[in-house]
Amino acid sequence: MRGFPKTFFAAVPLILACTGAMAQSSFPSRPIRVIVPFAAGSTTDQVARFIGQHVTEQTRQPVVVENKPGANGIIGIQYALSQPADGYTVIITTSTTHASNASLYRKMPYDPVADFVPIAGISLGGMVLAVSPTVKAENVPELIALARDKPGTLTFGSASSWTLAGGELFKQQAKVDILHIPYKAMSAVVGDIIGGRVDMTFGDSLSIMPQVRNGKLRALGVSTRNRMPGLETVPTIAEQGVPGYELSGWVAAFAPKGTPAEVADKLNEVITTAVRMPEAARLFCESGWRPMPMSRQELADFQKKDIERWSRIVKTAKMELE
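Written as structure tokens, this is what we have:
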């Protein structure tokens, strides 16, 4: 049997490279899974489903959102990292899993930078300090006075390390004693405040503001440095006697380490297109958030700075989770 010519073997690496490039240029050729490490109905879930819908419109491929909540997002993140790094598994998550957890836990089962490929920024915003209408406080100074009058009796619910930090930072800077009640989902926190079982929360505005508008919750302040767009009538916590109080968060997309750069670039393109749509601006701005379109490198730089910021916040709030 005659052997292959030497030119064939010389061409093999080029053929394989071209085959890989063709596969990546046709991406996506099948459904994309989006892992959300928080509960169905959460802000991140709502954002992921919005993004998924518009990615499908661009690519003609279904986007399936899977919720894997638990342990401040750690369960979902670990699951996502167990999936192939081929671009068909995308994580839409928050600063909880990719910034604050690194400072809150002594031992982390993942590295928020080294184990991931940054894909795209999505949105940026803050929290709303909201109370039950039964709480006798119309503003932050009145809430502080009430808490100091009855130390250890008022309660606040949280559903993530981010919302927990909102309460703990407030306790430290306002010098009050408020009891923390942990939850697995912000929807449960809101339900218990409405039901009178918890007094307040520091919750993301997308979850809180619909209940404020229908009169079931009362907004006392926002956690951002400046008043939030669309919520200009709600003063910041800092301007109400807690100087220096500031806490913001973000939503972004990542993929497991090893995802090809060309595929990651394509994902950035379609997600960023969705983020820039007028519908996205309306979705975010109605509740005080704003779109955060970013290149992959911009997201990487932004995340690094936010991890450093969270290290300082956690030290100030004297927080640590086992």
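The sequence shown maps to residues -23 to -1, 1 to 299 in mature numbering (1 follows the signal peptide of the UniProt record, and there is no 0).
Ideal Cβ placement from N, Cα and C applies to all residues, glycine included.
Only a predicted model underlies this, so the values are computations on that prediction, with no experimental measurement involved.
Sort out for me which residues DSSP pairs residue 103 with in a bridge. 225
Could you check how far apart the C-beta atoms of residue 194 and residue 171 are, in whole angstroms? I think they sit under 8 Å. 7 Å
Leaving out five residues before and five after residue 151 in sequence, what residues of the same chain have Cβ atoms less than 6 Å from its Cβ? 121, 219
Taking C-alpha atoms, which residue in 45, 117, 81 lies nearest to residue 162? 45
From residue 89 to residue 76, what does the alpha carbon distance come to, in whole angstroms? 7 Å
Specify the secondary structure class of residue 230 as computed by DSSP and reduced to three states. strand
Does the beta-carbon distance from residue 49 to residue 109 come in below 8 Å? no
Proximity of residue 95 and residue 273 at Cβ, strictly below 8 Å: yes
Shortest alpha-carbon distance to residue 215 belongs to which of 259, 242, 106, 168? 106
Bridge partner(s) assigned by DSSP for residue 97: 230
Where residue 281 and residue 79 are concerned, what is the direct C-alpha to C-alpha distance, given to the nearest angstrom? 11 Å
Mind checking residue 34: buried by the 16 CB within 10 Å criterion, or exposed? exposed
How is residue 159 classed by DSSP in three states: helix, strand or coil? strand
Return helix, strand or coil for residue 3, following the three-state DSSP convention. coil
For the structure I just gave you, are there three or more beta carbon pairs, one from the segment 8 to 27 and one from the segment 61 to 77, closer than 8 Å? yes
Any idea if residue 243 is buried or exposed, counting beta-carbon neighbours within 10 angstroms, 16 or more meaning buried? buried
Which residue wins for smallest C-alpha separation from residue 277, given the options 250, 125, 245, 294? 245
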